[in-house]
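Quick note, our numbering runs 24 ahead of the 1-based positions in the sequence shown.
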Amino acid sequence: MSSPPAERKPNLDQRLLLETRTAPGILAASLVSNALLGIATLIQALLLSQTISRVFQQGAHLEDVLPLLLSLLGIVMLRGCLNYTNSIASAHLATRIKSGLRMRFVTHLYTLGPAHNLTERSGDLVLSYTEGIEKLDGYFRDYLPSVFTALFLPLLILLVVLPLDMLTFVVLLVTAPLIPFFMALIGMAAGAFAKRQFYEMRYLGAHFLDVMQGLTTLKLFNRSQYQVETIRRITGRFREATMHVLRVAFLSALTLEMLATLSVAIVAVEIGIRLLNSGISFEQALFLLIIAPEFYLPLRALGTRFHNATESKAAAERIFKVLDTPLPGINAESDATRSIPISLLIRFEDVSLTYEQSPRPALRNISFEIKSGQKVALVGTSGSGKTTIANLLLRFIQPTSGKITIDGYDLVRISDEHWREQLAWVSQSPYLFNTTIAENIRFSRPNASEAQIIAAAQIAGAHEFIMQMPQGYQTLCGERGLRLSGGQAQRIALARAFLRDAPVLILDEPTSQLDPESEAEIIQSLDQFAQKRTVLLITHRLSTAVHADWIIVIEQGGIIEQGTHTDLIAAKGHYARLIKSYKDSR
25 MSSPPAERKP NLDQRLLLET RTAPGILAAS LVSNALLGIA TLIQALLLSQ TISRVFQQGA
85 HLEDVLPLLL SLLGIVMLRG CLNYTNSIAS AHLATRIKSG LRMRFVTHLY TLGPAHNLTE
145 RSGDLVLSYT EGIEKLDGYF RDYLPSVFTA LFLPLLILLV VLPLDMLTFV VLLVTAPLIP
205 FFMALIGMAA GAFAKRQFYE MRYLGAHFLD VMQGLTTLKL FNRSQYQVET IRRITGRFRE
265 ATMHVLRVAF LSALTLEMLA TLSVAIVAVE IGIRLLNSGI SFEQALFLLI IAPEFYLPLR
325 ALGTRFHNAT ESKAAAERIF KVLDTPLPGI NAESDATRSI PISLLIRFED VSLTYEQSPR
385 PALRNISFEI KSGQKVALVG TSGSGKTTIA NLLLRFIQPT SGKITIDGYD LVRISDEHWR
445 EQLAWVSQSP YLFNTTIAEN IRFSRPNASE AQIIAAAQIA GAHEFIMQMP QGYQTLCGER
505 GLRLSGGQAQ RIALARAFLR DAPVLILDEP TSQLDPESEA EIIQSLDQFA QKRTVLLITH
565 RLSTAVHADW IIVIEQGGII EQGTHTDLIA AKGHYARLIK SYKDSR
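Rendered as structure tokens:
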């Protein structure tokens, strides 16, 4: 039996058009105003040709053509109102779509989690979110209404001209496709240049952010001038790409203007010759001459705005690539609303994981359990898979095979939000926001009181140095906590985790940036805080691991030993050798 054909994804233009579903009323208002504007254009040409014909051919006086002039004035005012309505509706349409895309972009990145963001450059994502989505403005505000006008108005004029004059109808019908043909021909080159320009802009933004974040390192190693030259080189490539785009845009404008002018000239010549030979009436000839430029105007405007569309598509391609990244969500058959079991018995059952960018498995058939209220330590060399286990438990990534259960229930059957409410986490490189110390601690519990914040800071050993700050708990941490030392940032991150007061505490190298005396204080506080809580402790410092109830030794993605500190020492295996090496190094 043959498999069903794969679902065909819509192309970029179709996807952009589907975005207008978020504002159907505004889109309808824009299209209706454009249609009425086209009809008003024909009525204006008719009134103008009748007025001029009566004055110059029939010798009509002002009072004779006054009704026509008033009607003409009304049509001109109506066209102004319709133009204003169309511009407002198009602007609202673009704003609504951009706002929706920004929300979806951020939500999607948030759902993908930190594991996905490790494969992306922060500056690239920021630029796509800001400048990339902003570039879509030209597509929805200018290009999309122009497409409708370029389809509606020329077709309407052809229908009006057909019964009036067959020769003019044929001339318009033959010359009209030339403009879209050359527009598409030039547009293919413009699209390639626009993609390159947007890529260079993304690369420049991402590189500049990297340089700013590593400014201290650059100054320390005297590499500032090298980076200046690098940025100058990247900027030069971006300038060249931009000039290519502008060159094609100007060439397109010149070509389309020339085609439109020649086409109007052909219509004028054939009408003029027949008018001299009395082959057409003056009023009819004047009407056709007035609407001939209006016939080519939407096509010429579409060609001009096609340049904006190519830039928008280049940006949209990157945006949709991020939005199309599969989410590490729960299974379709899962019950995402299942409540958390009270016992919180965590079990890894033959869990394996292989990252997409790595051919070697990060974890191989991992099996262990963490009982409720137990403190378990993961030890091993760097890259052995300890942090990967924490990321699996935090639901940042999903296992390739095997499963993680909570009191027998598959973890994927529990919603991310509900599960993470039970967790407090401190990473080995804690992130502090550019706000006050108090607000950074309060991130884990937004409704926490000042007394609770101070109590958490005291447990983490942070209260004393915070009070020595110029503004105490209201001192700004700086971007990424740069105004604090590594140890101070680590203590604030610990206070944030302690304030969460969650039943499961995951600590990834919590004492890596602390001196031995501070480490001993934190371990003592942790022992007191962790009572009746489940703790997963990831550490290189074996002096920290010895306080755990259960120790798991991991090497090259697999468990080689597990047991209590006493049992592992007695076994004289890998853990015993690590302890001996650690003591010899002190």
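Think of the CB as a built atom: it goes at the ideal place given N, C-alpha and C, for glycine as much as any other residue.
Spell out the partners DSSP gives residue i in its beta bridges.
i, result
"L387", "L377"
"E393", "R371"
"L500", "T460"
"G582", "E579"
"K427", "E373"
Three-state secondary structure (DSSP) at residue i?
i, result
"E463", "helix"
"V559", "strand"
"G587", "strand"
"Y455", "coil"
"R103", "helix"
"K596", "coil"
"D532", "strand"
"D434", "strand"
"G62", "helix"
"V450", "strand"
"S408", "coil"
"G485", "coil"
"G147", "helix"
"R601", "helix"
"A572", "coil"
"G229", "helix"
"A554", "coil"
"L209", "helix"
"P91", "helix"
"A218", "helix"
"L168", "helix"
"R419", "coil"
"T154", "helix"
I think residue i touches residue j, with their Cβ atoms under 8 Å apart; what is that distance to the nearest whole Å?
i, j, result
"L66", "I157", "38 Å between Cβ atoms; not a contact."
"G229", "V150", "7 Å"
"I516", "A414", "Going by Cβ atoms, the distance from I516 to A414 rounds to 20 Å, so no, they are not a contact pair."
"S468", "R524", "4 Å"
"L560", "I394", "6 Å"
"G432", "E373", "Incorrect: roughly 10 Å between the Cβ atoms, too far for contact."
"L566", "V403", "7 Å"
"Q68", "R103", "7 Å"
"A113", "S73", "In fact, because the Cβ distance is near 31 Å, the residues do not count as touching under 8 Å."
"Y7", "I477", "Here the chain covers residues 25 to 610 and nothing more, so residue 7 does not appear."
Given this structure, state the Cα-to-Cα distance separating residue i from residue j, to the nearest angstrom.
i, j, result
"Q495", "A462", "11 Å"
"R165", "L117", "7 Å"
"L310", "V79", "13 Å"
"I530", "F172", "57 Å"
"G124", "Y599", "53 Å"
"A4", "Y223", "The structure shown does not extend to residue 4, since the chain is modelled only from 25 through 610, so no value can be given for it."
"R145", "A401", "32 Å"
"F319", "A325", "11 Å"
"A292", "A52", "36 Å"
"E545", "T378", "38 Å"
"A84", "I76", "9 Å"
"M225", "R257", "13 Å"
"E307", "L71", "10 Å"
"L280", "M207", "7 Å"
"N389", "G407", "16 Å"
"T46", "N107", "23 Å"
"I584", "T460", "44 Å"
"F553", "A479", "11 Å"
"G587", "I576", "7 Å"
"E533", "E579", "17 Å"
"T199", "V252", "53 Å"
"A356", "L278", "For A356, the predicted model reports a pLDDT of 40, less than 50, meaning its position is unreliable and no value from the coordinates is stated."
Can you tell me where the beta strand (DSSP E) with residue i in it begins and where it stops?
i, result
"L160", "No beta strand (DSSP E) contains L160, which DSSP labels as neither H nor E."
"A401", "399–403"
So, is the C-beta of residue i closer than 8 Å to a C-beta in chain D?
i, result
"R257", "The structure shown has no chain D; it contains just one protein chain."
In the DSSP assignment, find the alpha helix (DSSP H) that holds residue i and state where it starts and stops.
i, result
"A338", "306–347"
"E441", "440–444"
"T568", "566–569"
"Q38", "36–42"
"M190", "190–199"
"A517", "510–524"
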